[in-house]
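A.B. asks: Right, I'll just put the structure down here and ask away after.
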């Protein structure tokens with residue numbers, strides 16, 4: 001039976017508030033440590049780990065995410081179903097680990113990076129940790145135990161980040177990143193299992209779980225294609241332009257994407273289970289989506305436009321002189337990503353309503369668009385690839401919203417129209433900062449950065465009081481809860 005709307009709303013809002021706060025605190029610590037670590041690593045080291053993470057992450061997406069999402073979305077769940085899902089997870093784990101061990105050498109040769117082989121084989125251990133976490137994480141998500149999940153992620157993230165920092169200072173180079181990531185993944189898996197222990201013997205009977213297997217297949221396909229689409233730029237640059245170029249681009253993309261990835265992590269862990277509770281009422285789900293997009297745009301636009309405006313200061317102050325070439329890519333990528341947070345909830349809505357196939361088709365289209373765009377853009381170096389990403393992001397989101405309209409009967413104007421006022425406020429802020437910058441020409445980047453950030457914040461809030469007053473009141477009301 002569906003949970004009463006009021007109770008579900010309170011649980012979701014409470015989990016969102018606590019989960020967001022915990023993840024924000026953890027990420028602030030990790031961001032600080034990451035930025036310090038970059039001062040002890042060469043761009044080539046970071047580029048090598050970016051390629052490793054892209055390949056290992058793709059193989060991980062093939063095996064685990066689909067089963068976890070299928071377990072979360074299921075209306076009813078028995079121990080027998082859990083045991084059968086566990087057996088399928090173990091089977092896919094064996095296949096993906098075997099593939100990574102077998103193909104590590106040829107992959108290293110393809111990228112002309114001999115050191116890549118040992119890194120890939122080492123990171124195969126992370127696939128085992130992910131498999132262990134599937135059942136307990138699904139239980140936590142089904143029960144909306146968002147505070148517990150956030151605590152595990154906070155603790156594992158901080159310990160993993162501190163390990164990376166210590167090893168980087170000690171001169172371990174690229175291995176500091178690998179060891180820190182593996183430690184964090186192991187701690188997450190152990191924490192999830194401790195909170196929601198699942199002592200089940202695997203049962204190999206996939207045909208008895210045809211619906212779960214079908215849903216998991218669509219989700220695994222969607223996530224693997226999505227992950228490949230998010231990493232195809234790194235793979236193309238690494239192959240065509242080399243590890244130095246991929247390092248510069250990856251750092252710029254990482255900084256620009258931080259607000260997106262952390263917002264998506266918080267929202268998707270909440271949104272998919274919440275939408276699955278109201279899958280009987282697609283119109284209500286569409287209304288919640290429109291409200292989410294409106295609020296996320298109000299928060300995201302000033303952040304991304306602000307990164308674009310202050311990138312000439314952020315890079316030298318935060319990263320140092322080794323990363324000076326990342327300024328222009330960071331500006332372009334941040335501008336293109338401004339619209340992405342507003343669209344992070346749309347896939348969760350479709351998954352919660354049972355339209356996993358629709359999400360997969362949209363992701364597959366995105367992969368095609370990104371691949372063509374990045375191959376063309378690579379002819380103009382890092383800047384060309386950055387422009388390609390800025391063009392394709394909005395196109396993919398628009399196509400996703402067309403699919404949402406078909407599932408909920410909520411029009412595109414109802415979803416996109418409310419995003420216009422926050423966009424105008426962000427453009428006004430950008431204009432103010434552009435006019436201010438010539439007046440600060442003689443200042444050092446470290447002196448300009450806080451001034452630009454402060455003036456930008458005042459300009460956005462001032463514009464919001466004139467253009468977005470109802471939206472501002474709505475957001476303040478949520479914060480008072």
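Residue numbers (the working numbering): 1 to 481.
All residues carry an ideal CB built from backbone N, CA and C; glycine is no exception.
In this text the structure is predicted, and so the values were computed from the model without any measurement.
Rounded to whole angstroms, what's the CA-CA distance from residue 383 to residue 238? Just pull it up for me.
C.D. replies: 15 Å
A.B. asks: Is the stretch 77–93 in contact with the stretch 148–158, if contact means three or more CB pairs nearer than 8 Å?
C.D. replies: Between the stretch 77–93 and the stretch 148–158 there are fewer than three inter-stretch CB-CB distances shorter than 8 Å, so the stretches are not counted as touching.
A.B. asks: Measuring only the C-alpha atoms, how far is residue 431 from residue 70?
C.D. replies: 46 Å
A.B. asks: Just the Cα atoms here: how many angstroms apart are residue 97 and residue 295?
C.D. replies: 41 Å
A.B. asks: So, is residue 420 buried or exposed, given that buried needs 16 or more other C-beta atoms within 10 angstroms?
C.D. replies: So residue 420 ends up on the exposed side.
A.B. asks: Would you identify the three-state DSSP class for residue 438, choosing helix, strand or coil?
C.D. replies: helix
A.B. asks: For residue 103 and residue 148, which I take to be in contact (beta-carbon distance under 8 Å), what is that distance rounded to the nearest angstrom?
C.D. replies: About 37 Å separates the beta carbon of residue 103 from that of residue 148, a gap too long to meet the 8 Å contact definition.
A.B. asks: Assign residue 137 to buried or exposed, taking buried as 16 or more other Cβ atoms, counted over all protein chains shown, within 10 Å of its Cβ.
C.D. replies: So residue 137 counts as buried.
A.B. asks: By how many angstroms is the C-alpha of residue 281 removed from the C-alpha of residue 50?
C.D. replies: 42 Å
A.B. asks: Just to confirm the assignment, what range does the alpha helix (DSSP H) spanning residue 341 have?
C.D. replies: 340–343
A.B. asks: Pairing CB atoms from the stretch 444–459 with CB atoms from the stretch 296–312, are three or more of them under 8 Å?
C.D. replies: yes
A.B. asks: If I measure Cβ to Cβ from residue 222 and keep anything under 6 Å in the same chain, skipping five residues before and after, which residues do I get?
C.D. replies: 359, 360, 363
A.B. asks: Using the Cβ count rule (16 or more neighbours within 10 Å means buried), how would you classify residue 225?
C.D. replies: buried
A.B. asks: I'd like the list of long-range same chain contacts for residue 164, defined as Cβ closer than 8 Å, with 5 residues on each side in sequence excluded.
C.D. replies: 33, 34, 37, 176, 177, 179, 180, 181
A.B. asks: Put residue 199 into one of helix, strand or coil per three-state DSSP.
C.D. replies: coil
A.B. asks: Could you tell me which of 68, 105, 95 sits nearest to residue 52, measuring between CA atoms?
C.D. replies: 105
A.B. asks: So for residue 114, helix, strand or coil by DSSP?
C.D. replies: coil
A.B. asks: Exposed or buried, what is residue 48 when buried is set at 16 or more other beta-carbons lying within 10 Å of its beta-carbon?
C.D. replies: Answer is buried; the Cβ neighbour count reaches 16.
A.B. asks: Excluding the 5 residues flanking residue 418 on each side, which residues of the same chain have their C-beta closer than 8 Å to its C-beta?
C.D. replies: Contacts found: 290, 293, 294, 297, 471.
A.B. asks: Can you name the start and end residues of the alpha helix (DSSP H) that residue 305 belongs to?
C.D. replies: 282–314
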